[in-house]
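K.L.:
The sequence shown begins at 57 in this note's numbering and counts up by one. Even for Gly, the Cβ is constructed at its ideal location relative to N, Cα and C. Please read all numbers here as calculations on a predicted model, not as lab measurements. Have a look at the structure that comes next, please.
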Amino acid sequence: MVVERSLLRLLQLASPALPVGAYSYSEGLEFLVHSGRILDQGSLQHWLVQELCYGAVRLEAVVMVRSYQARAGEDWEAVCAWNRWLSAVRETEELRLQSWQMGRSLLRLLVDLQPETAGRLPVGLREEGCNFAIAFGVVAADWQIDLQGAVLGYLHSWSTNLINAGIKLIPLGQTAGQQLLLALNPVLEQMAQEVLNIQDEDLSTCGWGLALASMAHETQYSRLFRS
Numbered sequence: 057m058v059v060e061r062s063l064l065r066l067l068q069l070a071s072p073a074l075p076v077g078a079y080s081y082s083e084g085l086e087f088l089v090h091s092g093r094i095l096d097q098g099s100l101q102h103w104l105v106q107e108l109c110y111g112a113v114r115l116e117a118v119v120m121v122r123s124y125q126a127r128a129g130e131d132w133e134a135v136c137a138w139n140r141w142l143s144a145v146r147e148t149e150e151l152r153l154q155s156w157q158m159g160r161s162l163l164r165l166l167v168d169l170q171p172e173t174a175g176r177l178p179v180g181l182r183e184e185g186c187n188f189a190i191a192f193g194v195v196a197a198d199w200q201i202d203l204q205g206a207v208l209g210y211l212h213s214w215s216t217n218l219i220n221a222g223i224k225l226i227p228l229g230q231t232a233g234q235q236l237l238l239a240l241n242p243v244l245e246q247m248a249q250e251v252l253n254i255q256d257e258d259l260s261t262c263g264w265g266l267a268l269a270s271m272a273h274e275t276q277y278s279r280l281f282r283s
């Protein structure tokens with residue numbers, strides 16, 4: 057019964073229907089399509105694999121694990137410290153504001169669903185801007201979701217959102233989107249295991265391509281997505 061409840065809550069937390077505004081963002085993908093760097097299913101898959109293996113989402117997932125562990129240990133000071141750290145390493149304003157908006161929405165949803173949690177959330181998370189990865193870890197720990205499942209859910213949710221953005225932008229068919237998501241499964245499994253074993257001194261990212269795409273998107277003439 058506990059396993060089933062944990063799975064149900066993971067499905068709810070990682071669902072594309074979660075009302076945190078993820079569908080509003082393409083994380084630079086809109087500019088990459090506009091500039092001809094991503095043209096089809098193959099080039100989109102290559103971009104997503106590189107981001108999962110070396111990019112910002114990998115680092116976010118590691119910090120999500122830290123947030124989960126700190127929340128499970130009632131160490132709110134550590135949660136806030138990791139939140140400030142993640143805000144500091146954001147390479148563009150668009151990416152930082154996206155993360156804060158989604159994190160704020162997720163914390164608000166948690167309080168709406170479980171009002172008793174409102175008093176436990178530190179002022180720092182509410183006033184400084186809470187990154188989505190931090191909020192995801194807090195909620196996953198609160199809902200007693202298995203940590204490995206939470207990591208897979210986080211990475212899968214990110215992948216689904218960007219695939220949906222690619223379907224609209226390139227455009228691709230829905231079947232192509234499902235083929236792409238299925239093809240990413242081995243990468244998601246591999247990265248989830250890697251994320252769980254990364255030590256603090258090994259934290260790194262190679263996201264200059266994402267940063268440049270995000271900065272160019274900010275001044276793009278016509279846009280469907282917020283970033």
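#1: I201 by DSSP, collapsed to three states: which one?
#2: Just reading off the alpha helix (DSSP H) that L163 is part of, what are its end residues?
#3: Pick helix, strand or coil for R93, following the three-state DSSP scheme.
#4: For the region 177-187 against the region 95-112, are there 3 or more C-beta pairs whose distance is under 8 angstroms?
#5: Closer than 8 angstroms by C-beta to Q235: which residues in its own chain qualify, once you throw out the five before and the five after it? Chain order, please.
#6: According to the neighbour-count rule (16 or more other Cβ atoms, all chains shown, within 10 Å of its Cβ), is Y277 buried or exposed?
#7: Please state whether the Cβ-Cβ distance between Y210 and F192 is less than 7 angstroms.
#8: Please report how far the alpha carbon of A221 lies from the alpha carbon of C136, in whole angstroms.
#9: Rounded to whole angstroms, what is the Cα-Cα separation between Q157 and E147?
P.N.:
Per the coordinate set shown:
#1: Here residue 201 corresponds to residue number 145 of the sequence shown, with the count starting at 1. In this structure, I201 counts as coil in the three-state DSSP scheme.
#2: Taking the first residue of the sequence shown as 1, we reach residue 163 at position 107. First-last of the alpha helix (DSSP H) with L163: 149-169.
#3: Locating residue 93 in the sequence shown gives position 37, counting from the first residue. The answer is coil: DSSP assigns R93 none of H, G, I, E or B.
#4: no
#5: Numbered from 1 along the sequence shown, position 179 holds the residue referred to as residue 235. These residues qualify, in order along the chain: Q97.
#6: In the sequence shown, the residue the question calls residue 277 occupies position 221. Under this definition Y277 is an exposed residue.
#7: Reading the sequence shown from its first residue, position 154 is the one you call residue 210. Reading the sequence shown from its first residue, position 136 is the one you call residue 192. Yes, these two residues count as a Cβ contact at 7 angstroms.
#8: Here residue 221 corresponds to residue number 165 of the sequence shown, with the count starting at 1. Here residue 136 corresponds to residue number 80 of the sequence shown, with the count starting at 1. Roughly 31 angstroms separates the two Cα atoms.
#9: Position 101 of the sequence shown, counting from 1, holds the residue named residue 157. Position 91 of the sequence shown, counting from 1, holds the residue named residue 147. Each residue's alpha carbon lies about 16 angstroms from the other.
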